[in-house]
Amino acid sequence: MPTEKQRRQAAQRKIARQLERRRELERKRRQRSLVAGGVFLVVVAVILILVLATNVFSGSNKKSSASPTPSATASASASPFPTPTFAKASAKPATTSGPCKYAESSTLLKSPYTKDVGLPPDPNPTPATGTVNVTLNTSRGALTFTLDRASAPCAVQSFVYLAKKGLYDNSSCPRLTTSGIYVLQCGDPSNSQKGGPTYNFKQETTSKTSYGTGVIAMANSGTANSTGSQFFIIYKDSNTGLQKNYSVIGKVSSGLDVVSKVAKGGSDNSNASGDGKPILGLTIKSATAAA
């Protein structure tokens, strides 16, 4: 039989072992807590890094969008055709003294898109009776226009003058619209939608101006006295889409099927949906006025 002293010693050793196990368990618990805390801190750090990186890239993209690089800007604003640089006259801007008042400007004289062919005759009164036949020899066949002096006498007078001066020769039609309005726009010697002669003149419209199929009208920049050489051919009625702001000079008497074929080919949508360079293309090789 163990003595009382031996029993006390055995109990003490048991208690010591229990205390040691408790300390070991507590130490392991603290280690686990430290590991868990470390993992948490690592996860937080990774999240912060990702957030910061996202903000940096987001800010970079916003800056790029607000201030496009020169190459991106050039691509967005590039003309559908190569734009030639025309020689400019050194004379000061001139204005004719007749009723049409064809007027040059320093801006037009210096523009790389305009071609200096002088100023049309401007007699008083402006011829306002009779018709003029104009033939366009194009890359897809002949077009014949019947121009009506009574409809827009100044515009017809200018159109005939520009045809005789060769401004329309070797020019491509840079614009086709296939939605809302239905026109093929031509008459720009720079093939860029920005060109014309070095002069402008007034629009000639009335409340009766109509934009039906086959009508030919002069384009303008949307401001007064901004008609130049550009014109458009309406291949499908556009009265609901066009305001009465464009001088009607006549109608297509033959060859509208050529325009319709180009229209069916569609546009490249370089300006907007349904508005851009015609995919098939049409080049005016020469323009001949009978008058």
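First residue of the sequence shown: 2, per our numbering; consecutive thereafter.
Glycine included, C-beta positions come from ideal geometry on N, C-alpha and C.
- Only residues of its own chain outside the window of five on either side were considered, and among them Y236 have a CB closer than 6 Å to the CB of A264, listed in chain order.
- Within the DSSP bridge table, the entry for D276 names T178, A273 as partners.
- In the pairwise beta carbon analysis, the region 98-105 is classified as not touching the region 176-187: fewer than three pairs are separated by under 8 Å.
- Contact check for A156 and S248: beta-carbon distance about 4 Å, within the 8 Å limit, so the pair qualifies.
- By a beta-carbon distance limit of 8 Å, A220 contacts Q186. Their separation comes to about 6 Å.
- Pairing D149 with G251 gives a Cβ-Cβ distance under 7 Å.
- For K116, the closest C-alpha among the options A273, L163, T224, T241 is that of L163.
- Close CB contacts of P198 within its chain, under the 7 Å cut and outside five residues either way in sequence, are with T115, K116, V118, L163, L168, G229, S230 (chain order).
- Annotated as distal: N201 and P175, with beta-carbon spacing of 7 Å or more.
- Distances from the alpha-carbon of N134 to those of S254, K111, S227 put S254 closest.
- In chain order, R150, A151 place their CB closer than 8 Å to the CB of T130, counting only its own chain and leaving out the 5 sequence neighbours on each side.
- Where K286 is concerned, the enclosing beta strand (DSSP E) starts and stops at 284-290.
- Counting C-beta atoms within 10 angstroms of its own C-beta, G223 has fewer than 16 neighbours from the protein chains shown and is therefore classed as exposed.
- In this structure, the CA atom of T127 is about 8 Å from the CA atom of Q158.
- Contact between S287 and D170 holds, since their C-beta atoms are separated by about 5 Å, short of 8 Å.
- Taking C-beta separations shorter than 8 Å and ignoring five residues to either side along the sequence, the partners of F232 in its chain run F160, Q186, C187, G188, I217, A218, M219, A220, I250, following chain order.
- Beyond the five residues adjoining it in sequence on each side, P121 comes within less than 7 Å, by CB distance, of Y103, Q158, S159, Y162 in the same chain, given in chain order.
- The alpha-carbon separation between V260 and Y212 amounts to approximately 16 Å.
- A distance below 7 Å separates the beta carbons of A290 and K165.
- In the DSSP assignment, K252 forms a beta bridge with T147, V216.
- Taking the C-beta atoms as reference points, G256 is found nearer than 7 Å to A143.
- Here DSSP, grouped into helix, strand and coil, assigns Q158 to helix.
- Spatial neighbours of P124 in its own chain (CB-CB distance under 7 Å, excluding positions within 5 residues in sequence) are listed in chain order as G99.
- Q194 and N246 do not touch by the CB rule: their CB atoms are close to 17 Å apart, not below 8 Å.
- In chain order, I285, K286, S287, A288, T289 place their CB closer than 8 Å to the CB of N138, counting only its own chain and leaving out the 5 sequence neighbours on each side.
- Note on geometry: alpha-carbon atoms of G196 and D276 lie some 18 Å from one another.
- DSSP places L110 in no beta strand (DSSP E) but in the uninterrupted alpha helix (DSSP H) bounded by 107-111.
- Secondary-structure assignment with DSSP links L281 through no beta bridge to anything.
- Cβ-Cβ distances below 8 Å link K262 to R141, L281 in the same chain, with the five nearest sequence neighbours on each side left out; the list follows chain order.
- In this structure T210 is buried. Its beta-carbon is surrounded by 16 or more other beta-carbon atoms within 10 angstroms.
- Judged by DSSP secondary structure, L168 falls outside any beta strand (DSSP E); it is assigned neither H nor E.
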